[in-house]
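Sequence lines, in order, name chains A and B. Taking the UniProt record's numbering, the leading residue of the first sequence gets 1, the next gets one more, and so forth. Taking the UniProt record's numbering, the leading residue of the second sequence gets 1, the next gets one more, and so forth. No residue lacks a Cβ here, since even glycine has one placed at the ideal position from N, Cα and C. Quick caveat, the model's predicted, so the values are computed rather than measured.
2 protein chains.
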Amino acid sequence: MIVTDVANGQVLMLAYMNEESYKLTLKTRETWYWSRSRQELWHKGETSGHYQHVKKITADCDLDTLLIEVEQIGPACHTGAKSCFFNDILEVEGDKA
Amino acid sequence: MIVTDVANGQVLMLAYMNEESYKLTLKTRETWYWSRSRQELWHKGETSGHYQHVKKITADCDLDTLLIEVEQIGPACHTGAKSCFFNDILEVEGDKA
């Protein structure tokens, strides 16, 4: 599941859902994930207060990935960063094709 | 790997890379993925002409997912849609928290 900030489209994080977490997300309109490392349900924000209020869900062409647009309370990342994507790997400049 | 359009931040698709496809992506600055269904390298655009020119790559906090910003030639999706995410599942309106 790709999670973006509904306010500006910024990609916040990638996380996994199983059927139970998906149903809880639809029911509560807050995000629930399946933690593969801890092998348990994870209600995002439950310990940090950084809840994600679901505003829109869109599935991809083969219906195996969801794009979830949320109102993010506080930072999405456990590091305190707004988005989990902050490690620069490559930036290509001045060669617009 | 989450792929977005560098022009406007739109999420285009989710795809997988292995080490070889990652190295080819860095080398050619076009996207290469690992097709899990076909179990083969997939040079995006090679058959369709819809190449993705890589402009920026950012890794997430635990370094297991990449956000790849591309200049997308034509549609990203094999259906002809610009983005693979076009199946509406849920839209929450009028309850801004």
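Nearest C-alpha to B:Glu20 among B:Arg29, B:Tyr33, B:Val6, B:Ala76: B:Tyr33.
Below the 9 Å Cβ cutoff, chain B contributes Thr4, Asn8, Gly9, Gln10, Val11 as neighbours of A:Gly9, in chain order. Residues of chain A whose Cβ lies closer than 7 Å to the Cβ of B:Arg29 are, in chain order, Val92.
When secondary structure is reduced to three states using DSSP, B:Lys27 falls in the helix class. Under the Cβ distance rule, B:Lys55 counts among the residues neighbouring chain A, one pair being separated by less than 8 Å. In the same chain as B:Gly45, and ignoring 5 residues on each side of it, the C-beta atoms closer than 6 Å to its own belong to Tyr51, in chain order. Contact of A:Asn87 with chain B by beta-carbon distance below 8 Å involves Thr58, Ala59, Asp60, Cys61, Leu63. Between A:Thr28 and A:Ile68, the C-beta spacing is not below 8 Å.
Non-local beta-carbon contacts of B:Ala81 in its own chain, meaning distances under 7 Å to residues more than five positions away in sequence, involve Pro75 in chain order.
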